[in-house]
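Data block below; observations after.
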Amino acid sequence: MTIPGPTLTVADSIELAKKLEAEGWDDIWMADAGGLDAMTMAPLLLAATEKMRLGIAVVPVFTRTPAVLASTISVISQAFPERFVPGFGSSSHAIINNWHGLEMEKPLTRIKETMQLLRTMLAGEKTNFAGDTLKSRGYQQLPTPNQPIYLAGLRPKMVETAAEIGDGVILNLFPKSALAKIHEHIAIGAERAGKDPATIEVVSRHMIAVGEDKAMARDAFRRGFGPYYATPVYNKFLAWCGYPEAAAEIAAGFKNRDRERTAAALSDELIDEIAIIGTPDECRARVREYADAGIHTHVMAPMINHPDIIEQTATTFSKQHFNLNQ
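This is the structure:
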């Protein structure tokens, strides 16, 4: 389950994490996109639970230096061995340029150079690096052995890079029909690094709405993600996934500040390709389809952050509904 930081307090997040663990959930995941800071919340949620793994999908590589990231990871890893999975990504122009006032330049290079520095720092080696987007000289900390780092990817180059230099790949907001193509690029990246693609954990954040009112859920998706798909990163991704007309219409509507046009470009059929919407049985069946298609870890992100909706999602995917020996 995604712990929805922007809409919950620290206390509420901790109580939700405890409840999810009691109901048999394996993981809790956070985003790092405003509200409660994910890297600060991570040790609080880990301390409040006993066995659950905590991941972050994702920390933008532009908003913290590699030295800050490495030192933070070291603290959490030492305190909670083998329970923390930091995930990194380039994020979006809306977050990097608008929220933080930074420039989202050369995102693929920034990912690669961040990972190169993190691997050096977490190995306990002294840095001596000058790249196109980052530099560090003389930084050293105690080793943090066997720390996994996952990377998010959308289009081919980033997906391949995530599989090649990361320990897991994080996916988000893809139409189901594009999943096979995404897996092809995961395999390319893995094989480039001499890895068996089957050994790379694939994590997907699923936008989900459990309930009978599908029209309300689709409207919530349009409101929440129409502007998201208008950003350059996700607009190009949607076109690459096989929906160039919808991507162009979203971009045009957003440019003209026409909210209705932007929202209308996301048809019911396209939304149903991206989001998981329906009754508890329908939602569980869809997740099983994703599992059969090669997704290993399913992170539920309720589109409507209301306590009743979160509770219904937690109950829908509690352990009594799954035979894990199958």
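Last residue of the sequence shown: 869 (this note's numbering), numbering continuous.
Heads up, the beta-carbon is just placed ideally off N, CA and C, and yes, glycines get one too.
### Task
Please determine if the region 821-841 and the region 740-747 are in contact, where contact requires at least 3 C-beta pairs separated by less than 8 Å.
yes
### Task
Kindly list the residues whose CB is nearer than 7 Å to the CB of Ala666, restricted to its own chain and excluding five residues on each side of it in sequence; keep chain order.
Pro686
### Message
Using only the alpha-carbon positions, how far apart do Ile654 and Phe605 sit?
### Response
9 Å
### Message
Between which two residues does the beta strand (DSSP E) holding Ser870 run?
### Response
Because the chain here runs from 544 to 869, residue 870 falls outside it and cannot be looked at.
### Query
Is Val745 helix, strand or coil by DSSP?
strand
### Query
With respect to the beta strand (DSSP E) encompassing Phe627, which residues constitute its N-terminal and C-terminal limits?
627-632
#### Entry: Candidates Thr663, Val842, Phe672, of which the one nearest Arg596 by Cα
Val842
### For Gln684 and Ser614, believed in contact at Cβ under 8 Å, the rounded distance
6 Å
### Query
Taking just the CA atoms, how far does Ala673 sit from Gln855?
50 Å
### Message
If we require 4 or more residues per run, which alpha helix (DSSP H) segments fall completely within the region 550-587?
### Response
553-565
### Query
Which residues mark the beginning and the end of the beta strand (DSSP E) in which Gly821 is found?
819-821
### Query
For Ala844, which beta-bridge partners are listed by DSSP?
Met750
### Query
Short check: CB of Gly567 to CB of Ser861, under 8 Å?
yes
### Message
Suppose the cutoff is 6 Å on Cβ atoms and the five residues either side in sequence are ignored; what does the same chain contact list for Glu792 look like?
### Response
Ala808
### Cys784 versus Ile852: straight-line alpha-carbon distance, rounded
29 Å
#### Entry: Spatial neighbours of Leu587 in its chain, beta-carbon cut-off 6 Å, leaving aside the 5 residues before and after
none
### Task
Specify, as a first and last residue, the run of the alpha helix (DSSP H) that Asn778 falls within.
775-783
### Query
Under the DSSP definition of a beta bridge, which residues are partnered with Val602?
Phe631
### Query
Cα separation between Arg761 and Gly737?
42 Å
### Task
Taking only the alpha-carbon atoms, compute the straight-line gap between Arg765 and Thr670 and give it to the nearest angstrom.
45 Å
### Query
I think Leu589 touches Ser556, with their Cβ atoms under 8 Å apart; what is that distance to the nearest whole Å?
In fact, because the Cβ distance is near 12 Å, the residues do not count as touching under 8 Å.
### Message
For Thr552 and Asn848, which I take to be in contact (beta-carbon distance under 8 Å), what is that distance rounded to the nearest angstrom?
### Response
With a Cβ gap of about 12 Å, Thr552 and Asn848 do not count as contacting.
### Task
Kindly indicate which residue of Ile751, Ala706, Ala773 has the alpha-carbon position closest to the one of Ala763.
Ile751
### Task
Measure the beta-carbon distance from Ala790 to Asn778 and round it to whole angstroms, keeping in mind my assumption that it falls under 8 Å.
5 Å
### Query
Within this structure, are the beta carbons of Gly732 and Val702 separated by less than 8 Å?
yes
### Task
Could you check the C-alpha separation between Phe631 and Val601 for me, to the nearest Å?
5 Å
### Task
Compute the Euclidean distance between the alpha carbons of Pro699 and Pro787, then round it to the nearest angstrom.
16 Å
### Query
If you draw a straight line from the alpha carbon of Leu781 to that of Lys649, how long is it in whole angstroms?
20 Å
### Query
Taking buried to mean at least 16 other C-beta atoms within 10 Å of its own C-beta, is Pro850 buried or exposed?
exposed
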